[in-house]
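The numbering used here puts the sequence shown at residues 8 to 296.
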Amino acid sequence: MRRMDNGNKDRRIKWLILLIPTITIGLWEYVRHAFLLPYVSMDLGNLLAPFIVLAVTLTLVRSLFTRMEQSQMALQREKEAKAALEERESLARELHDGISQSMFLLAVKLDQLDELSREEPVRELAGGLRETVRVMHEDVRQAIANLRQPPSPESAAWVVPLRELLGETAELTGARAEFVWTIRDDGLTDKEKIELHACVREALVNVRKHARASHVYVIGEPDGAGGFRCRIEDDGVGFGGDPLQAQGRFGLRMVRDRAEAMGWSFLAERRGDRTVVELAKRGKRAEQP
8 MRRMDNGNKD RRIKWLILLI PTITIGLWEY VRHAFLLPYV SMDLGNLLAP
58 FIVLAVTLTL VRSLFTRMEQ SQMALQREKE AKAALEERES LARELHDGIS
108 QSMFLLAVKL DQLDELSREE PVRELAGGLR ETVRVMHEDV RQAIANLRQP
158 PSPESAAWVV PLRELLGETA ELTGARAEFV WTIRDDGLTD KEKIELHACV
208 REALVNVRKH ARASHVYVIG EPDGAGGFRC RIEDDGVGFG GDPLQAQGRF
258 GLRMVRDRAE AMGWSFLAER RGDRTVVELA KRGKRAEQP
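This is how it looks when you write it as structure tokens:
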């Protein structure tokens, strides 16, 4: 349905692009002959006509071309997303029809071996193998379920290392970790992904060294205007004075410098019982008056 709507919109735009110059000339000729003939000579009117068409083309028609390009790009992204989902579904079918079924048959064979054998070591080995097969079968079933679900922002390849960094921080400090990420993969450029990853890493290293926190959070969310906010939060001891001026504290200064180089805002403050380091990129729609 959405593709049909885009197709109808593109057709309307194409017709408008074709008709606007013709309509412009027709209106100009009508206005010239009906109202301006006593003031504008035929030669001057003929000279002005192409400039009027050019002015209209540079305004209305150019805007229509931009809208059509945006529509085509959206349609292309939709096609790519559909192709990716079809590929995921194909992989899920292959896993189900191949590996999953083979593991089920292997489990049945192990059950038969357990029933036929009277030797205790063999029965123990069969039991251990059966448990291994069960765990592997559950992993395959989970993989199939994940493949059949639409990919989420948290599953993007570049986001996975962020979640792993948070997990490592939690493991080293004994803190509980929470990762919430809703920034779309296409919402950031490759350069922004690299810099954001570096900033989050430095902020988490700072948490490991100084916070003594019991909970650590990494939260990434769009701002609804084409930008984003990324926060690293912890419930640790907080800052003693200005963290950017503390001697030997280079991590947050590096985060601030990277953020400023990218044109992002940087904030490090205490909010209630949490220390918050926030990076934000203001969306273009928010910048419009």
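Think of the CB as a built atom: it goes at the ideal place given N, C-alpha and C, for glycine as much as any other residue. Bear in mind that the values here come from a model prediction, so they are computed numbers and not experimental data.
Report yes if the C-beta distance between histidine 194 and phenylalanine 235 is below 8 Å; otherwise report no. In the sequence as presented, histidine is not what sits at residue 194; that position holds glycine. A Cβ-Cβ contact shorter than 8 Å links glycine 194 with phenylalanine 235.
Would you report the Cα separation of glutamate 178 and lysine 16, rounded to the nearest angstrom? 53 Å
So, does the region 179–198 touch the region 131–146, judging by three or more C-beta pairs under 8 Å? no
Who are the near neighbours of arginine 137 in its chain, counting only those whose CB is closer than 8 Å to its CB and skipping five residues on each side? Ala114, Leu117, Asp118, Asp121
Spatial neighbours of glycine 245 in its chain, beta-carbon cut-off 7 Å, leaving aside the 5 residues before and after: Arg277, Thr282
Terminal residues of the continuous beta strand (DSSP E) containing arginine 277? 272–278
Considering only the alpha carbon of each residue, which of Glu36, Glu175, Leu67, Gly231 lies closest to leucine 54? Among Glu36, Glu175, Leu67, Gly231, the Cα nearest to that of leucine 54 belongs to Glu36.
Any alpha helix (DSSP H) of 4 or more consecutive residues that is wholly inside the region 168–235: 197–213
Check whether cysteine 206 and arginine 170 have beta carbons under 8 Å apart: no
Our contact map puts valine 167 next to proline 160 with C-beta atoms below 8 Å; I'd like the distance itself, whole angstroms only. At roughly 11 Å, the Cβ-Cβ gap does not stay under 8 Å, so valine 167 and proline 160 are not in contact.
Segment limits, alpha helix (DSSP H) that includes arginine 265: 258–269
Arginine 289 by DSSP, collapsed to three states: which one? coil
Close-in-space but distant-in-sequence residues of the same chain around glutamate 267 (CB under 7 Å, 5 per side omitted): Phe273
Limits of the unbroken alpha helix (DSSP H) element including valine 63: 49–63
Close-in-space but distant-in-sequence residues of the same chain around methionine 11 (CB under 8 Å, 5 per side omitted): With a pLDDT of 48 at methionine 11, under the threshold of 50, the modelled position of this residue cannot be trusted; read the value that follows with caution. Here the set comprises nothing.
Is there contact between the region 71–78 and the region 17–31, where contact requires at least three CB pairs shorter than 8 Å? yes
My output table needs one value for valine 68: the three-state DSSP class, helix, strand or coil. helix
Backbone CA spacing between arginine 219 and isoleucine 201 [nearest angstrom]: Each residue's Cα considered, the two are about 27 Å apart.
Which word fits arginine 141, buried or exposed, when buried means at least 16 other C-beta atoms lie within 10 angstroms of its C-beta? exposed
When you compare the CB positions of leucine 203 and threonine 176, do they come within less than 8 Å of one another, or not? no
Proximal residues to methionine 8 (C-beta, below 7 Å), its chain only, five neighbours per side dropped: In this predicted model, methionine 8 has a pLDDT of only 46, less than 50, meaning its place in the structure is not dependable; the value taken from the coordinates is given anyway. Cβ within range, chain order: n/a, list empty.
Express the C-alpha separation of valine 63 and proline 296 in angstroms, rounding to a whole number. At proline 296, the pLDDT of 46 sits below 50, so the modelled position is not reliable; the number obtained from the coordinates is stated separately. One C-alpha to the other measures close to 25 Å.
By how many angstroms is the C-alpha of leucine 25 removed from the C-alpha of glutamine 79? 18 Å
Does the beta-carbon of aspartate 241 have 16 or more other beta-carbons within 10 angstroms, so that it is buried, or is it exposed? buried
Who are the Cβ neighbours of alanine 56 in its own chain at under 7 Å, not counting the five residues just before and after it? Ile32, Trp35
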